[in-house]
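Participant: Let me begin by handing over the structure; questions about it come next.
Protein chains: 2
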Amino acid sequence: MANIDFWFSIGSTYSYLSVMRLGRVATETGIEFVWRPFNVREIMVAQNNIPFANKPVKAAYMWRDVARRSDKYGLRPRLPAPYPIPDLPLANQVALLGMREGWGIAYAIETYRLWFEEGLVAGADPNLSRSLRVARQNPEETIVRASADAAATALADQTRAALALGIFGSPTFVVDGEVFWGDDRLDDAISWSRSGRVR
Amino acid sequence: MANIDFWFSIGSTYSYLSVMRLGRVATETGIEFVWRPFNVREIMVAQNNIPFANKPVKAAYMWRDVARRSDKYGLRPRLPAPYPIPDLPLANQVALLGMREGWGIAYAIETYRLWFEEGLVAGADPNLSRSLRVARQNPEETIVRASADAAATALADQTRAALALGIFGSPTFVVDGEVFWGDDRLDDAISWSRSGRVR
Chain P
33 MANIDFWFSI GSTYSYLSVM RLGRVATETG IEFVWRPFNV REIMVAQNNI
83 PFANKPVKAA YMWRDVARRS DKYGLRPRLP APYPIPDLPL ANQVALLGMR
133 EGWGIAYAIE TYRLWFEEGL VAGADPNLSR SLRVARQNPE ETIVRASADA
183 AATALADQTR AALALGIFGS PTFVVDGEVF WGDDRLDDAI SWSRSGRVR
Chain C
33 MANIDFWFSI GSTYSYLSVM RLGRVATETG IEFVWRPFNV REIMVAQNNI
83 PFANKPVKAA YMWRDVARRS DKYGLRPRLP APYPIPDLPL ANQVALLGMR
133 EGWGIAYAIE TYRLWFEEGL VAGADPNLSR SLRVARQNPE ETIVRASADA
183 AATALADQTR AALALGIFGS PTFVVDGEVF WGDDRLDDAI SWSRSGRVR
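Line order of the protein sequences matches chains P and C. At position 66 of the first sequence the residue is numbered 98 (our numbering), and the sequence of numbers has no breaks. At position 68 of the second sequence the residue is numbered 100 (our numbering), and the sequence of numbers has no breaks.
Dropping the structure here:
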């Protein structure tokens, strides 16, 4: 059974569903998910892939769809959440730093919870400091490190790696080079990791 | 248990999956699906919702995703199918006429089969005449009727009705006014028709 790479950007709406349920899915399936933050906005803008801006009907549907699926997963967001978020790069530079240091998943879950369930924009305070505290990190010191050039370069490297895999949206699950886009393709990715097929 | 309206456009790629499997789903679930052809391209162009044109990475992913899901449903398409199709309005004017006269589902299935499995573009000959013959209709006479102003007006009326429901893509399932977009939301629509929730 292969690991599954979970490529995501804090800032993506549907990624809320995956971030909040992936721990449970990992426990239930025994699959190891490797959390890989990247900058989906950079790829989408470059590819002229703008799903919701200036598309009010589709955007309204997205929030309704996220609400229904949240209910399915036992989540209770207050929707619509503030969107888009201005500081997507910083939100994900923090996440990437955290993945390398072992506290990234706790941060990602809490920052999404505060954003989608309490209306506090991810990537900015008070969300940033509060979610870092929940992840047992010093907010001031961590934000300084995550704002440095090295952190920006690290995220850009991840984004280039995502691009090279054919990733164009968030969340995306990758199993043995096979790309599955969307929270709603998680079952397909799990099936692929078990049998090399979608069943 | 509510009926489900199945809004679709011949010309949509993911609608292949729904058109080919909906009969079996209806049998298995006991749900009645009401097939409603409309012109999704008109709505998408008006809403600046262009999913694949000039988006080669996303388009390549779509074909891969359709291939994997076809395998899941026991379908054997030859992909990519010719896309986009030039004569989307005529393809759907024929379908709408057929839905009103009782042969529309047979035509829709055969025209998708010829398009996705034999590479013959829907909405044009030889696909059009061959699929009409399979639906036991006279091709010449039917194409004349489906090309008339009245048939174009009938499709435009359906498209306006779809727009009024908040439909922006194909396929879309509608249950009691609740909109579910995508072949991958069929299970959610079925769940809604049974319980008013997504489970």
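Even for Gly, the Cβ is constructed at its ideal location relative to N, Cα and C. Keep in mind the model is a prediction, meaning the values are calculated, not measured.
Which residues, in chain order, does the region 208-226 of chain P contribute to contact with chain C at a C-beta distance below 9 Å?
Facilitator: 210, 211, 212, 213, 214, 216, 217, 220, 223 and 224
Participant: Mind pulling the chain C residues with CB within less than 7 Å of residue 89 (chain P)?
Facilitator: By 1-based counting over the first sequence, the position of residue 89 (chain P) is 57. Here the neighbours are 79, 198 and 200.
Participant: Can you give me the C-alpha to C-alpha distance between residue 212 (chain C) and residue 172 (chain C), rounded to a whole angstrom?
Facilitator: Walking along the second sequence from the start, residue 212 (chain C) turns up at place 180. Walking along the second sequence from the start, residue 172 (chain C) turns up at place 140. Roughly 36 Å separates the two Cα atoms.
Participant: Cα separation between residue 56 (chain C) and residue 129 (chain P)?
Facilitator: In the second sequence, counting from the first residue as 1, residue 56 (chain C) sits at position 24. In the first sequence, counting from the first residue as 1, residue 129 (chain P) sits at position 97. Each residue's alpha carbon lies about 49 Å from the other.
Participant: Around the Cβ of residue 228 (chain C), are there at least 16 other Cβ atoms within 10 angstroms (buried) or fewer (exposed)?
Facilitator: Counting from 1 along the second sequence, the entry for residue 228 (chain C) is found at position 196. Flag for residue 228 (chain C) reads exposed.
Participant: Just mark residue 176 (chain P) as buried or exposed, buried being the case when its beta carbon has 16 or more other beta carbons within 10 Å.
Facilitator: Here residue 176 (chain P) corresponds to residue number 144 of the first sequence, with the count starting at 1. So residue 176 (chain P) counts as exposed.
Participant: With a cut-off of 8 Å, does the C-beta of residue 86 (chain C) fall near any C-beta of chain P?
Facilitator: For the purposes of this step, residue 86 (chain C) is taken as the residue at position 54 of the second sequence. Chain P places a beta carbon closer than 8 Å to that of residue 86 (chain C), counting this residue as a contact.
Participant: Kindly provide the ranges of any beta strand (DSSP E) runs that are 3 or more residues long and lie completely inside the region 47-110 of chain C, ordered along the chain.
Facilitator: 65-69
Participant: Select from the region 91-102 of chain P all residues with a C-beta closer than 8 Å to any C-beta belonging to chain C, and list them in chain order.
Facilitator: 92, 93, 96, 97, 100 and 101
Participant: Please name the residue in P:214, P:119 and P:93 whose C-alpha comes closest to that of residue 39 (chain P).
Facilitator: Counted from its first residue, the first sequence places residue 39 (chain P) at position 7. Measuring from the Cα of residue 39 (chain P), the nearest candidate turns out to be P:214.
Participant: State the Cα-Cα distance for the pair residue 160 (chain P) and residue 80 (chain P), rounded to the nearest angstrom.
Facilitator: Position 128 of the first sequence holds residue 160 (chain P). Position 48 of the first sequence holds residue 80 (chain P). The straight-line gap from Cα to Cα measures roughly 29 Å.
Participant: Here's the rule: buried if 16 or more other CB atoms are within 10 angstroms of the residue's CB, otherwise exposed. What is residue 204 (chain P)?
Facilitator: Here the question's residue 204 (chain P) lines up with position 172 in the first sequence. The residue in question, residue 204 (chain P), is buried, as its Cβ has 16 or more Cβ neighbours within 10 Å.
Participant: What in chain P is Cβ-close to residue 206 (chain C), meaning under 7 Å?
Facilitator: Position 174 of the second sequence holds residue 206 (chain C). Going along chain P, no residue has its Cβ under 7 Å from residue 206 (chain C), so there is no contact; the nearest lies around 12 Å.
Participant: Just to confirm the assignment, what range does the beta strand (DSSP E) spanning residue 204 (chain C) have?
Facilitator: For the purposes of this step, residue 204 (chain C) is taken as residue 172 along the second sequence, with counting starting at 1. Counting along the chain, the beta strand (DSSP E) containing residue 204 (chain C) begins and ends at 204-207.
Participant: For residue 114 (chain P), I'd like the list of residues in its chain whose CB is within less than 6 Å of its CB, leaving aside the five on either flank, ordered along the chain.
Facilitator: To locate residue 114 (chain P), count along the first sequence from 1; it is residue 82. The answer, listed in chain order, is 153.
Participant: Restricting to Cα atoms, I'd like to know which of P:77, P:102 and P:76 is closest to residue 231 (chain C).
Facilitator: Looking up residue 231 (chain C) in the second sequence gives position 199. Nearest C-alpha to residue 231 (chain C): P:102.
Participant: Any beta-carbon of chain P closer than 8 Å to the one on residue 68 (chain C)?
Facilitator: Within the second sequence, residue 68 (chain C) is the residue found at index 36, counting from 1. Chain P, which has no Cβ nearer than 8 Å to the Cβ of residue 68 (chain C), makes this no.
Participant: State the DSSP-derived secondary structure class of residue 38 (chain C), mapped to helix, strand or coil.
Facilitator: To locate residue 38 (chain C), count along the second sequence from 1; it is residue 6. Three-state result, residue 38 (chain C): strand.
Participant: Since residue 222 (chain P) contacts residue 61 (chain P) with CB under 8 Å, what's their CB separation in whole angstroms?
Facilitator: For this step, residue 222 (chain P) is matched to residue 190 along the first sequence. For this step, residue 61 (chain P) is matched to residue 29 along the first sequence. 6 Å between Cβ atoms; contact.
Participant: What's the gap between the Cα of residue 162 (chain C) and the Cα of residue 142 (chain C)?
Facilitator: Mapped onto the second sequence, residue 162 (chain C) falls at position 130. Mapped onto the second sequence, residue 142 (chain C) falls at position 110. Their backbone Cα atoms lie some 8 Å apart in a straight line.
Participant: If the cut is a Cβ gap below 8 Å, which residues of chain C does residue 230 (chain P) touch?
Facilitator: Numbered from 1 along the first sequence, position 198 holds the residue referred to as residue 230 (chain P). Near residue 230 (chain P) (Cβ distances below 8 Å), the residues of chain C are 100, 101, 103 and 104.
Participant: When you compare the CB of residue 149 (chain C) with every CB in chain D, is at least one pair closer than 8 Å?
Facilitator: This model lacks chain D altogether, as its protein chains are P and C.
Participant: Please work out which residues of its chain come closer than 8 Å, Cβ to Cβ, to residue 165 (chain C), disregarding the five sequence neighbours upstream and downstream, and give them in chain order.
Facilitator: The residue given as residue 165 (chain C) occupies position 133 in the second sequence. Here the set comprises 171.
Participant: Out of C:82, C:78, C:188 and C:145, state which residue places its alpha-carbon closest to the alpha-carbon of residue 47 (chain C).
Facilitator: Numbered from 1 along the second sequence, position 15 holds the residue referred to as residue 47 (chain C). Of the listed residues, the one whose Cα sits closest to residue 47 (chain C) is C:145.
Participant: With three or more beta-carbon pairs closer than 8 Å as the criterion, would you say the region 120-128 of chain C touches the region 179-189 of chain C?
Facilitator: yes
Participant: DSSP on residue 213 (chain C), reduced to helix/strand/coil?
Facilitator: Numbered from its first residue, the second sequence carries residue 213 (chain C) at position 181. Here residue 213 (chain C) sits in strand by DSSP.
Participant: From P:150, P:64, P:70 and P:78, pick the residue whose C-alpha is nearest to that of residue 189 (chain P); which is it?
Facilitator: The sequence position of residue 189 (chain P) within the first sequence is 157, counting from 1. Answer by Cα proximity: P:70.
Participant: Cβ of residue 127 (chain C) within 8 Å of Cβ of residue 139 (chain C)?
Facilitator: On the second sequence, position 95 is the one that residue 127 (chain C) refers to. On the second sequence, position 107 is the one that residue 139 (chain C) refers to. A contact, by the Cβ cut-off of 8 Å.
Participant: Return the chain-ordered list of same chain residues with a C-beta closer than 6 Å to the C-beta of residue 37 (chain C), the five sequence neighbours on each side being excluded.
Facilitator: The residue labelled residue 37 (chain C) in the question sits at position 5 within the second sequence. Cβ within range, chain order: 66, 68 and 206.
Participant: Beta carbon of residue 76 (chain P), beta carbon of residue 45 (chain P): below 8 Å?
Facilitator: Residue mapping note: residue 76 (chain P) aligns to position 44 of the first sequence, counting from 1. Residue mapping note: residue 45 (chain P) aligns to position 13 of the first sequence, counting from 1. No, these two residues do not count as a Cβ contact at 8 Å.
Participant: Short of 7 Å in beta carbon distance, which residues of its chain neighbour residue 149 (chain P), apart from the five on each side in sequence? Order them along the chain.
Facilitator: Taking the first residue of the first sequence as 1, we reach residue 149 (chain P) at position 117. Within the same chain, and ignoring the five residues on either side of residue 149 (chain P) in sequence, the residues whose Cβ sits closer than 7 Å to its Cβ are 108, 109 and 110.
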